[in-house]
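Step one of this worksheet: look at the structure below.
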Amino acid sequence: MTAAGMDTTTDLTILYRGPLASCDYDCPYCPFAKRRDSPERLRADRAALDRFTAWARTAGTDHRLSVLFTPWGEGLVRSWYRRALVELSHEPHIDRVAIQTNLSCRTEWLTGADLDTLALWCTYHPGQTPYDRFLGKTHRLAELGVRFSVGIVGLPGHLEHARRLRADLPGHVYLWVNAAEGHTYTDEQAARWTELDPLFPYSRHPHRSAGLPCRTGASVVSVDGEGTVRRCHFVPAELGNLYDGSYRAALAPRPCPLAVCDCHIGYVHLETLPLYDVFAGGVLERVPRAVTSPVLLPSPRPRHGGGSRR
Ligand code: SF4
Ligand code: SF4
2 MTAAGMDTTT DLTILYRGPL ASCDYDCPYC PFAKRRDSPE RLRADRAALD
52 RFTAWARTAG TDHRLSVLFT PWGEGLVRSW YRRALVELSH EPHIDRVAIQ
102 TNLSCRTEWL TGADLDTLAL WCTYHPGQTP YDRFLGKTHR LAELGVRFSV
152 GIVGLPGHLE HARRLRADLP GHVYLWVNAA EGHTYTDEQA ARWTELDPLF
202 PYSRHPHRSA GLPCRTGASV VSVDGEGTVR RCHFVPAELG NLYDGSYRAA
252 LAPRPCPLAV CDCHIGYVHL ETLPLYDVFA GGVLERVPRA VTSPVLLPSP
302 RPRHGGGSRR
């Protein structure tokens, strides 16, 4: 179908979420807190991830891929997620592989990965892990040269934790703040969070999205453990299956059918927002392009020692 030598691959971003729903943390704002997966469910999750990884490793004839793992629970305490990230990071047709994590796992496995490709979306959950342990891991990630962002849910009780974290994180690391689900912010409250995360205004309110162009369904899709392809995690209509190739014919621009989009992993793909520019090169792991710019960083403070639910 193409002239010899012409590159026929298309860019495709995949948000993958398998059956895993268990987490080692117990966050009061999360339905997956301290959930246990049965051995059967864990086996199914592992088999589903292995299948996805095998597909992604051989998808280079069709696509250049970027992959974000968005498990309901915590993936990196499971060996199969760590292995998938390392393996996919070495594939030349994969531009990015990232995962949302609470960073409770060890960090040394990352030395086996291609760190030009792997990235982490880390969330600090106050009360679930000692502060110094979490902070120490972020500094270790920085030493290893891992690309990552760190975030926190913008609950009133988290503000002091967030301030402390901003002061202590490696200076180049972006701290994002997710507006807490079901929470509204006065201008004064929002200003406090915006001091810490200049991009908080994007998270403060759900984005009206009905009828607006969104890249999902065309260059971005969501895939579940069975390979069912949907445009995003929030619109249930199915576009086909990854493994029988039926998704390919369905990839096309289409407007958002929902009234609002209130999760970063969704609205970042809205074409009416400038977020592909803001996060250029770091859309999946939520690392803004201008992270070193004074506009994005609060004034430096001395070190001292040491969304949605994500
Ligand atoms: S918010 Fe994240 S870390 Fe906390 S319990 Fe839920 S899945 Fe685990
Ligand atoms: S705007 Fe959000 S809900 Fe609508 S299609 Fe895009 S990602 Fe999905």
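What the sequence shown shows, in my numbering, is residues 2 to 311, in sequence order.
A virtual CB, placed ideally from N, CA and C, is assigned to each residue, including glycine.
Spatial distance of residue i from residue j (CA atoms)
{"i": "leucine 170", "j": "proline 202", "result": "22 Å"}
{"i": "aspartate 278", "j": "glutamate 41", "result": "42 Å"}
{"i": "glycine 282", "j": "leucine 66", "result": "13 Å"}
{"i": "alanine 260", "j": "proline 207", "result": "10 Å"}
{"i": "leucine 213", "j": "tyrosine 268", "result": "11 Å"}
Where residue i falls, given that 16 or more other Cβ within 10 Å makes a residue buried
{"i": "lysine 138", "result": "buried"}
{"i": "arginine 107", "result": "exposed"}
{"i": "proline 72", "result": "buried"}
{"i": "alanine 4", "result": "Only weak support exists for where alanine 4 lies, its pLDDT of 44 falling under 50; the coordinates are left without a value."}
{"i": "alanine 192", "result": "exposed"}
{"i": "alanine 180", "result": "buried"}
{"i": "aspartate 46", "result": "buried"}
{"i": "arginine 37", "result": "exposed"}
{"i": "arginine 18", "result": "buried"}
{"i": "proline 32", "result": "exposed"}
{"i": "glutamate 161", "result": "exposed"}
{"i": "histidine 64", "result": "buried"}
{"i": "serine 23", "result": "buried"}
{"i": "glycine 198", "result": "The sequence shown places aspartate at residue 198, rather than the glycine named in the question. Classification for aspartate 198: buried."}
Presumed contact (8 Å Cβ cut-off) between residue i and residue j, rounded CB distance
{"i": "arginine 209", "j": "valine 222", "result": "That belief does not hold up - the Cβ atoms of arginine 209 and valine 222 are roughly 23 Å apart, past 8 Å."}
{"i": "isoleucine 100", "j": "phenylalanine 70", "result": "4 Å"}
Boundaries of the alpha helix (DSSP H) in which residue i is found, first to last residue
{"i": "histidine 140", "result": "132 to 145"}
{"i": "phenylalanine 70", "result": "Element bounds for phenylalanine 70: not the alpha helix (DSSP H) but the beta strand (DSSP E), 64 to 70."}
{"i": "valine 87", "result": "80 to 90"}
{"i": "leucine 276", "result": "276 to 279"}
{"i": "glycine 109", "result": "Sequence inspection shows glutamate at residue 109; the glycine mentioned does not correspond to that position. Taken as a continuous stretch (DSSP letters only), glutamate 109 belongs to no alpha helix (DSSP H), as it is neither H nor E."}
{"i": "aspartate 46", "result": "40 to 58"}
One or two residues paired with residue i in a DSSP bridge
{"i": "phenylalanine 33", "result": "Answer is none; phenylalanine 33 lacks a bridge partner."}
{"i": "histidine 234", "result": "Answer is none; histidine 234 lacks a bridge partner."}
{"i": "valine 178", "result": "Ile153"}
{"i": "arginine 255", "result": "Cys215"}
{"i": "leucine 119", "result": "Val98"}
{"i": "valine 261", "result": "Arg209"}
Endpoints, beta strand (DSSP E) assigned at residue i
{"i": "histidine 126", "result": "That residue, histidine 126, is in no beta strand (DSSP E); it is neither H nor E in DSSP."}
{"i": "leucine 200", "result": "First-last for leucine 200: undefined, no H or E at that position."}
{"i": "arginine 18", "result": "11 to 18"}
{"i": "valine 222", "result": "221 to 225"}
{"i": "arginine 97", "result": "95 to 102"}
{"i": "glutamate 239", "result": "239 to 242"}
Task: Nearest-residue set for ligand 4, Cβ under 6 Å from any heavy atom - done: By its list of ligands, the structure shown excludes ligand 4, since it contains just ligand 1 and ligand 2.
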